[in-house]
Amino acid sequence: MEPNQPQGSDIREHPVSVWVAQLGQFLQLNAEDTGRQTVASHLLQLIVAMPGVQEARICWQDLTGADEVGSVSAGDGSTPPLTVQYKGDDGFSLLLHVRAHPLMHATLKSWLQGMLPVAAGLMAGAKADEDIALFSAMTAQSPFAVLILNAAGELIYANQAYAVSSGYCPEDQRGQQVLWRSGDGFDNRLRGQLLALKEGECWEGEILSKRADGRHFWEQQTVSVLTHNGTVTHLVAIRRALSHAQRQLREVEQALLLREQALVSSSNGIMITRSDATDHSIVYVNPAFEKITGYSADEVIGREGRFLVRDDLQQPDLEEIRTALREKRAGTALLRNYRKDGTQFWNELHISPVKDAQGAVTTHFVSVINDVSERVRYQKELEYQATHDSLTGLANRSLLNDRIAQAIAWAKRSGLFAGVLLLDLDHFKLINDASGHGAGDEMLRQVAARLTQCVRDTDTVARLGGDEFVVVLTDLADTADIDVVAEKILQTLARPILIQDQEIFVTASIGTSVYPRDGDHGEILLRYADIAMYRVKEHGRNSVRQFIPEMGQNAISRLNMEAAMRRGLEQNEFLLHFQPKIDLLTRKVVGAEALIRWQHPQIGLIHPVEFIGIAEESGLIIQLGEWVLRHACEQQVRWREAGMPELQMAVNMSSRQFRQDDLASRVAQIIADTGIRPARLTLELTESMVMQDLNSTLATLRSLKNLGVSISLDDFGTGYSSLSYLRRFPIDELKIDKSFINDIHTNPDDAAIASAVIAMSLSLGLDVVAEGIENAEQAAQLREMKCHQGQGYYFSRPVEAEQFAAYIRRQED
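So the mapping is simple: my numbering equals the position in the sequence shown, first residue as 1, plus 270.
Set out below in structure tokens:
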């Protein structure tokens, strides 16, 4: 039906007529125009705009029969119908069928039962004024908030229900856009959706509304459009606050959605299985499970989770999971699992039971799969590092003690023997100094490999540190078996070792001890094997000896040496001897080299060759070196103050001492404490020492030179320094090694080498000192070669400070 235009002011001013016009109807109702189709159209659009309504259909009936007036659909019509009927006294009846959410039935029925008499009266052609007034009152008094807005979304009309639910006065809100101002971040999207509605369309959903006091609340809203000639003229919104049950349902839905998103987003694998006694099949896995295992959800749904273990069933933690499933409780296990491609990963598995709504019956299990392969690998690596030597991969002292204890326990139960072999490489320091630490490390690795080849898998090879190794032998039927293994080791080491394209030969001294003959504790067996090893060194090295009780008499073991040295430093058991340095031209004493000795209370005088190696390995060389430097400087000052000629004091420095980051500050402190003139102090460094880490060496030498001390390169000719480095290093003196001096007067080659070194030194402006001069012929030839200084037994052995002073006085006399 074509809409009529308003006729007369009385009609335009009629409150219901104005409301209808604002509603965007195609037709303004009056007493002369009450067609059934028009009334039905208005009524259906109003009903279908209400929350939860999906479909509405109107039928009227009189004496002539029934006919459908009209219908409107806003959904799929899948919910049960609600039927409301009105029957007037004149025989006219009106039947309304509505499909809506079941929760809306009671409210809708009450509201529609009041509306149908008005609609029936209009359709029956009765006078409209009274009925229209009733129709307007029903809208105004509707329990639902009704809002009428223009096409731009600006408010034209709102009923009292809106004022109650929102706290706003409708008159104050007139002209404002109230449909999208919740401030929840979705306003712009909602505005676009509502303004895009077309004829026959509606928007339905839950919105977050904002009260006048600033509080938010959820409402169910349906928005439909009113059109004229296909153009949207108005928006009609009907709102209903969610009931308590609906709010709870929404909260449950949101909670479920959140949990689902958590499962999907989790980096841990999630697997849900049934908990029947005979059925633990998988019903759900998340994407992380698929990523970790390589299996898709379709491949695992219906299978039991144990397929991840495959045939690797001998895992202790599997029983914990089986028990937890039987007892319907939580459980944790660390398992070896296998991916689809067959690769293994470590699964830290946590399972938890899921109860039914009453909390009485376990219906499912949730399993959390955490791939901890990297953590397990790291833990194993830490355990390995804690028990193995980083250089050779052999057992370290910690693991060695445990293996000796196990060997003793097993030998005690079986009635057999256990053996301990302590092995020390002969002259390893010389090899290390001559070829460098890199070559020395490579030698230790190859020695470790050869030792491992000489023993069984049940035996243990360990490195104590430095060039010391220990072999633990188990299940020995006879003590003679130890000697068999020891001889095998010596033969294996006798083969040359190829390092840096050079064949290097190494021998070893081996001492052995046996459980239970020599002791019942690992520490005792090691100490006795150490004593036996030192007896081998005393008798020519490269051999093996078993410990016998007589070896322990008056012997200080290597294992006790470190403690004895510490005690010796505390109790002033160390002393200095001094060897004169002679000017070969004037034959006057011009300096002294300080050399340490150990006056042991039981053993007597011990020379450095017997304890310096242990001091370097244990780190005591730092403390020992500073002790030597301090006491040598103090002695030089005492001699000066006693009126003796001011001599140059030379002090040897160890490699470990030289590598200290704060070496220069330590030396400076000693100089300040003792009062020695820096120019009268010479620090002697070996050639091999300065050729390691050249940049660091150069920095250290420069810092020492800045103190004013002199630098001497000791044992020159035994290493591999070059002229280019001699020019770079701030060196003041070269000392020709004794090996080139021994036969200088009889061997032309040695004489040529010595002459070349002296000439080179002179050309570089360096002083030259010859070591190990033992006769007059050597001294005379060196003097002819213009060598500056010399020292050796020909002039004087190293002597104590009082004897050295006496030597100086005799020269002066």
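Beta carbons: idealized from backbone N, C-alpha and C, even for Gly.
| task | Quick one: give me the first and last residue of the alpha helix (DSSP H) that R683 is part of. | result | R667 to S684
| task | Could you tell me the boundaries of the alpha helix (DSSP H) in which D457 lies? | result | D457 to L465
| Between the CA atoms of L664 and R765 - distance to the nearest angstrom | 21 Å
| request: Following the continuous beta strand (DSSP E) through N922, name the residue where it begins and the one where it ends. | output: Q918 to N922
| query | Which residue's Cα is closest to the Cα of Q918: Q905, R929 and N617? | reply | Q905
| query | Anyone know if the C-beta pair for I767 and V814 falls short of 9 Å? | reply | no
| said: According to DSSP, simplified to helix, strand and coil, what is K858? | reply: coil
| request: Give the secondary structure of I571 by DSSP, where H, G and I count as helix, E and B as strand, and everything else as coil. | output: coil
| request: Mind the definition here: the stretch 717-734 touches the stretch 756-764 only if three or more C-beta pairs lie below 8 Å; say whether that holds. | output: yes
| So is Q446 buried or exposed if we call it buried at 16+ other beta carbons inside 10 Å? | exposed
| task | Label D611 either buried or exposed according to how many other C-beta atoms from any shown protein chain fall within 10 Å of its C-beta, with 16 as the threshold for buried. | result | exposed
| task | Thinking K1005 and S982 are a contact (beta carbons under 8 Å), I'd like their distance in whole angstroms, please. | result | 6 Å
| Cβ-Cβ distance between T730 and V717 below 9 Å | no
| Does any residue of chain B bring its CB to less than 9 Å from the CB of T956? | This model lacks chain B altogether; it includes just one protein chain.
| CB contact flag (A1134, I621, <9 Å) | A question about residue 1134 goes unanswered here, because the residues of the chain that appear run from 271 up to 1083.
| Residue of L528, S494 and Q490 minimising C-alpha distance to L512 | Q490
| request: List in chain order: all unbroken alpha helix (DSSP H) runs of 4+ residues lying wholly within the stretch 685-714. | output: 698-705
| request: Identify, in the order they occur along the chain, each residue of the same chain with its Cβ nearer than 7 Å to the Cβ of R580, setting aside the five sequence neighbours on each side. | output: Y608
| Using the rule of at least 16 other Cβ atoms within 10 Å of the residue's Cβ for burial, across every protein chain shown, is C903 buried or exposed? | buried
| query | Which same chain residues, not among the five before or five after A482, have their C-beta less than 6 Å away from its C-beta? | reply | G437 and Y438
| message | So if DSSP puts P766 in a beta bridge, which residue, or which two residues, is it bridged to? | response | In the DSSP output, where bridge partners are listed per residue, P766 has none listed.
| Closest residue to R929 among C329, V960 and A862 (Cα-Cα distance) | V960
| What are the uninterrupted segments assigned as beta strand (DSSP E) that are 3 or more residues long and contained completely in the stretch 1032-1069, given in chain order? | 1037-1040
| field | Residue interval of the beta strand (DSSP E) (run including A902) | value | Here A902 belongs to no beta strand (DSSP E); instead the alpha helix (DSSP H) covers L890 to E911.
| So, helix, strand or coil for Q1081, using DSSP? | helix
| task | Compare the C-alpha of V434 against each of A422, F414 and Y427 and name the closest. | result | F414
| query | Hey, which unbroken runs of the alpha helix (DSSP H) at 4 residues or more fall wholly within the stretch 937-993? | reply | 957-960 and 964-975
| Simplified DSSP state of H877, which is helix, strand or coil | coil
| message | Whether or not the stretch 877-888 and the stretch 839-856 are in contact is what I'm after, with contact meaning three or more pairs of Cβ atoms, one per stretch, closer than 8 Å; do they touch? | response | no
| message | Just to confirm before moving on: does the CB-CB distance between L968 and P948 stay below 9 Å? | response | no
| message | Just to confirm my understanding: we take I876, look at its own chain, exclude 5 residues before and 5 after, and list those with CB closer than 6 Å. What are they? | response | W868 and H870
| query | Distance, Cα to Cα, Q962 vs A1026? | reply | 25 Å
| task | Would you kindly work out how many angstroms separate the C-alpha atoms of Q655 and G861, rounded to a whole number? | result | 49 Å
| request: May I have the straight-line CA-CA distance separating D696 from R836, to the nearest angstrom? | output: 25 Å
| the stretch 681-699 in contact with the stretch 802-810 per 3-pair CB rule at 8 Å | yes
| message | Give me the DSSP bridge partner(s) of W473. | response | V493
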